[in-house]
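Those sequence lines, one after another, are chains W and Y. Those letters in the first sequence? Residues 108 to 680, by our numbering. Those letters in the second sequence? Residues 32 to 368, by our numbering.
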Amino acid sequence: MKFSSLAKIRLGVLGVLIIAIFAGFLVYPIAFDRPMDWLNSKLGLALPHYWQLPFHLGLDLQGGTHLVYKADISQVPEADINDAVAGVRDVIERRINVFGVAEPVVQTGKSGDQWQVIVELAGVKDVNQAIKMIGETPLLEFKEQADPSTQTLTADEQKQLDEFNAAAKKKAEDILKEVLKTPLVQFGDLAEKYSEDGSAAGGGSLDWAKQGIFVAEFEQAAFALKKGQVTKQLVKTQFGYHIIYKEDERGEGDSQEVKASHILIKTKTAAEFKPQEQFVYTGLTGKQLKRSQVQFDPNTQVPEVSLEFNDEGKDLFAEITKKNVNKIVGIFLDGEPISLPKVNEPILDGKAVISGSFTLPEAKLLAQRLNAGALPVPIELIAQQTVGATLGNDSVQKSLFAGLLGLLAVVVFMLLYYRLPGLLSVIALLIYSVLALTIFKIFGITLTLAGIAGFILSLGIAVDANVLVFERLKEEFRAGRPLSSAIDEAFKRAWPSIRDGNASTLITCIILFWFTSSMVKGFALTLSIGILVSIFTAMVVTRGLLKTIAVGRVQNWYFLFNRKKVVEQKPQS
Amino acid sequence: MLSIIAKRKYYYTFSLACVVTAVVFLIIWGFKMGIDFTGGSLMEVSFQETARPSVQEISGALTDLSNLGEVTIQPIGENNIILRFRNVTEIEHQEVLDKLIEQFTPGQRLDIKTTTTPVQIEGLVSGEANVTGIKAEKAAGARIIEERFDSIGPTVGQELKTKSFYAVIIVIIAIIAFIAWSFRKVGRPVSSWKYGVTAIIALVHDVTITCGIFALLGHFYNVEINTPFIAALLTVLGYSVNDTIVVFDRIRENLHRHQGDFEEIVNMSVNQTMIRSVNTSLTVMLTLLAIFLFGGETIRYFALTLMVGVFFGTYSSIFVASSLLVTWQNLVKKFAK
């Protein structure tokens, strides 16, 4: 194997060291600022401070914002409430993860009768945008037509309805008294003043009508009256209370017609009082949505949005469409019917199409929004507060101290056991830590307990790479190789196991990162970054340092390498 | 050279005993699931006319209520604290409140009357919430007021559970595939996919034992399984495979360089990597031990999980994984005859 010349290696090492120093200041700017302040105060200079870039710490380490959303489950049958609220939870979590706020806490809550979703986000900087994102989450519902017989008034509502109608009757009676006191020529004026239907503007006047035009009660009263008479009692119909004035009549028998005016005071029926839900909750919502895509109607080339359900949604959709053949199943977006297709036959493949009148950008936006997660029930933000760290500052400080203590033990061990290479590997590990932490800072990677676990593991793996190389180095010593070629050989031989070990861990990380969310994702991210940096520091930095230092006389100081002088050394070239 | 592989019966016995015991623990006791998985109660109290105690002080005040399990304490707003703990009875709920009052605002005792009237929650739920609360009859003086007491669901949603489960399955398949590919040139005498399968068996071994120990700790010391435990298990997963691959890599190399009995080559490889395995886990263990002994209360069990996992990960890659390769090879030979 051919290696670059020593000068090149030394230049490279110098470069890495300079980068590491800059990175070190970035990780711990006080180390730069303090001496600068001191110089400023002594010499009266105005030297600047270093670039201040904070770590992005997660909820457990730093706290953040606590949001409480109220889930509106009024439309949801009792048995499905838990599911629906859990669905909201999952959708919001997915949504926040898309936004990149790492490792939120999202949990359902129940406060009295109110169902809530509690969301905690790390940091407070982007909270308004996060809230906006959550607010923009579409509400997607599939609803079926209601069975009217199932909708009855509650006792309370019935009471209100009765009170309303009683008030209407009282009002109508008062008007009747007034009508009876007033001359009939003024009936039109009174109708204009009081009547609650469309005829009021025309003085309550109705068209000529034969029998069979009016509702039965009205007709009976109107035909029974003589010309120029007013009803002495209120006439009750389905519309309310009428006071009828017969203006004229003509014709005989079947062709008999009347011309009447009336004053109507409306009452309400149960259906009017509580408008019937035309469409009701089916349980099929954005929660079961797997994927959404823009496509074009093959006949008209109009853009439409296709929906694909997950397994649960597929079964549910099949069930709903089976039940509703030849009926309408409404697709509702944010509470508005967006498409009301008629079911021709049961749909078993879990695919649906929203064919509203979309423009292409609209369809694209909708598909995008749906893909980011669609809510099963409406939500409303009801509280927002700042929260502190769950781990507690003392705990974090203590753990950091303990971690440093542990690292110190590692340093002592490496020095005692591997001596000079040990020292160099400690320097390489230091560079490793600084570089990894710099990457965490610059790319704003959120550090939580899980993320730090990933970092610790990668630190362990970084140490391992050095240990692997040094053990090989000893073997090469035993085989009697001179130092320089022993170093090359040790790195060359250790490389396959470092490569494969790290590759397998990296594969694990990529899969975890891709498929999961929240904590597991954070762990995978810091671990992968740590691994990539550790391969670099172990294979490049440690080797560079070793080759830079292990030249000339140093090669003969066997003690530094914990090498026994058993083999005759070949003459140096 | 130590004769390691020849004594594989002992390791198998030991490992099998450990795994079986772990499985038995898991079946009998199971995990003591923490509120991250089960949900529980959320209690918010505000400290009036008194400085809010630190998270540590509150945690200290509640240690007496040992049957409460793990309590997550989090400052919220200016004066308030959120406590999250398992579902409790009304009596236990009042005990928590009493404990806080006793510790931080003992003067309140004389003045208050515990009631179950709904309390208006300022700035939060618009008053209709049915919250059991404490009403201070005397307005002045340091006191603790319960702002809300709600039930909450788990933070680990069904989606994350399902996804993580599939992710782990895919990880296992991917690792087997990767090792099979990476060792593809080592056709002799054991085909490369067997290295992958063996690495996974060692992995399952490590993870099962770690889980078993936590079932034990949960039963006797009320150690709960929460999200950090999952992070720790994932770490063990990564470490275990990594460690095993290093040993296998040496076997791969030696198979290229030396002729000889498979068992001898494996034994030689294990010997050659032994010091490295021990040194590496020693360094990791040193860090973890420091965190376990001196670190914060909250991450102690996290460190403990890792220690147990790393210990068994190292043990299994030295003694179990390589031995299994030999046993497998011998079985194949036996049946081929």
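We treat Cβ as the ideally placed atom computed from N, Cα and C, and that holds for glycine.
Check whether the Cβ atoms of Y/R117 and Y/T69 lie closer than 9 angstroms to each other.
For Y/R117 and Y/T69, yes; Cβs fall inside 9 angstroms.
With distance defined between alpha-carbon atoms, name the residue in Y/L96, Y/S348, Y/G108, Y/P137 nearest to Y/V127.
Comparing Cα-Cα distances from Y/V127 to each of Y/L96, Y/S348, Y/G108, Y/P137, the minimum goes to Y/L96.
For W/T644, tell me which candidate among W/I594, W/E324, W/V541 has the shortest Cα-Cα distance.
It is W/V541.
Could you check which residue in W/R201, W/Q492, W/H173 has the C-alpha nearest to that of W/A481?
Cα-wise, what sits closest to W/A481 is W/R201.
Measure how close the beta-carbons of Y/I330 and W/S506 come, nearest whole angstrom, since I'm counting them as under 8 angstroms.
Y/I330 to W/S506, Cβ: 5 angstroms. Contact.
Could you say if the segment 257 to 277 of chain Y and the segment 336 to 348 of chain Y meet the contact criterion of at least three C-beta pairs nearer than 8 angstroms?
At 8 angstroms Cβ cutoff, the stretches touch.
Could you pull out every unbroken alpha helix (DSSP H) segment of at least 4 residues lying fully inside the segment 324 to 398 of chain W, listed in chain order?
Counting whole runs of 4 or more residues, the segment 324 to 398 of chain W contains the alpha helix (DSSP H) stretches 377 to 380.
Scan the segment 112 to 131 of chain Y for residues whose Cβ lies nearer than 9 angstroms to a Cβ of chain W and list them as they occur along the chain.
Answer in chain order: I112, I113, R115.
Count the C-beta pairs between the segment 546 to 555 of chain W and the segment 570 to 587 of chain W that are closer than 8 angstroms, then say yes if the count reaches three, no if not.
With a cut-off of 8 angstroms, the segment 570 to 587 of chain W and the segment 546 to 555 of chain W do not count as touching, because too few Cβ pairs lie within range.
Grab the span of the beta strand (DSSP E) containing Y/N111 for me, first residue to last.
Unbroken beta strand (DSSP E) run through Y/N111: 111 to 116.
Write down the C-beta distance between Y/V301 and Y/I349 rounded to the nearest angstrom, noting that I regard them as a contact closer than 8 angstroms.
Indeed, because the Cβ distance is near 6 angstroms, the residues count as touching under 8 angstroms.
Given W/Y352, which residues of its chain have a CB within under 6 angstroms of its CB, disregarding the five upstream and five downstream residues?
Contacts found: F294, V337, S368.
Going by DSSP, what residues sit across from W/H173 in a beta bridge?
According to DSSP, W/H173 bridges with W/E227, W/Q492.
From what residue to what residue does the beta strand (DSSP E) around W/V577 run?
Per the sequence shown, residue 577 of chain W should be read as Phe rather than Val. No beta strand (DSSP E) contains W/F577, which is instead part of the alpha helix (DSSP H) from 556 to 585.
In angstroms with no decimal places, state the Cα-to-Cα distance between Y/V351 and W/T649.
Rounded to whole angstroms, Y/V351 to W/T649 spans 32 angstroms at the Cα level.
For the ligand COA, is there any heavy atom lying closer than 8 angstroms to the beta carbon of Y/V278?
The model depicted lacks the ligand COA and carries no ligand whatsoever.
Using the three-state DSSP reduction, which class does Y/M74 fall into: helix, strand or coil?
It is a strand residue.
Measuring CA to CA, which of W/V494, W/V627, W/L537, W/N406 is closest to W/A560?
That would be W/V627, whose Cα lies nearest to the Cα of W/A560.
Give the interface partners of W/E578 over in chain Y, defined as CB-CB distance under 7 angstroms, in chain order.
What W/E578 touches in chain Y: I306, R307.
Classify W/E359 as buried or exposed, calling it buried when 16 or more other Cβ atoms lie within 10 Å of its own Cβ.
Exposed, because fewer than 16 other Cβ atoms sit within 10 Å of the Cβ of W/E359.
Between W/I199 and W/I486, is the Cβ-Cβ spacing less than 9 angstroms?
Against a cut-off of 9 angstroms, the Cβ pair of W/I486 and W/I199 comes out as a contact.
Which chain W residues are close to Y/N273, counting only those with a beta carbon under 7 angstroms from its beta carbon?
Under the 7 angstroms cutoff, chain W gives I568, G608, S611, T612.
If we count the other Cβ atoms within 10 Å of its Cβ and call it buried at 16 or more, is Y/E153 buried or exposed?
Because Y/E153 sits at a pLDDT of 44, beneath the cut-off of 50, its placement in the model cannot be relied upon, and the point is left open.
According to the Cβ coordinates, are W/I241 and W/L174 closer than 9 angstroms?
In this structure, W/L174 lies closer than 9 angstroms to W/I241 by Cβ.
Looking at the unbroken beta strand (DSSP E) that takes in W/E248, where does it start and where does it end?
Element bounds for W/E248: 247 to 252.
Which first and last residues belong to the alpha helix (DSSP H) in which Y/D95 is found?
Unbroken run through Y/D95: none, as it is neither H nor E.
From the DSSP output, read off the bridge partner residues of W/E415.
Note: W/E415 sits in a beta bridge opposite W/R398, W/K458.
Between the alpha carbons of Y/V76 and W/L228, how many angstroms are there, rounded?
Spanning the two alpha carbons is a distance of roughly 21 angstroms.
Which word fits Y/W212, buried or exposed, when buried means at least 16 other C-beta atoms lie within 10 angstroms of its C-beta?
The residue in question, Y/W212, is exposed, as its Cβ has fewer than 16 Cβ neighbours within 10 Å.
For Y/R174, go through chain W and note every residue whose CB falls closer than 8 angstroms to its CB, in chain order.
Per Cβ cutoff of 8 angstroms: no residues; Y/R174 is ~21 angstroms from chain W at best.
Compute the distance between the beta-carbons of W/L590 and W/A657, then report whether it is under 9 angstroms.
For W/L590 and W/A657, yes; Cβs fall inside 9 angstroms.
Could you give the distance in angstroms between the alpha-carbon of Y/T107 and the alpha-carbon of W/K115?
Rather than Thr, the amino acid found at residue 107 of chain Y in this sequence is Ile. Taking the straight line joining both Cα atoms gives about 56 angstroms.
From the DSSP output, in three-state form, read off Y/S308 for me.
Three-state result, Y/S308: helix.
Answer with yes or no whether the minimum CB distance from W/T493 to chain Y is below 9 angstroms.
Yes, contact with chain Y.
Along chain W, in chain order, which residues have C-beta atoms closer than 8 angstroms to that of Y/E190?
Within chain W, the residues near Y/E190 are D197, E200, R201, S624.
Determine whether the Cβ of W/W158 lies closer than 9 angstroms to any Cβ atom of chain A.
No chain A is present in this structure, whose protein chains are W and Y.
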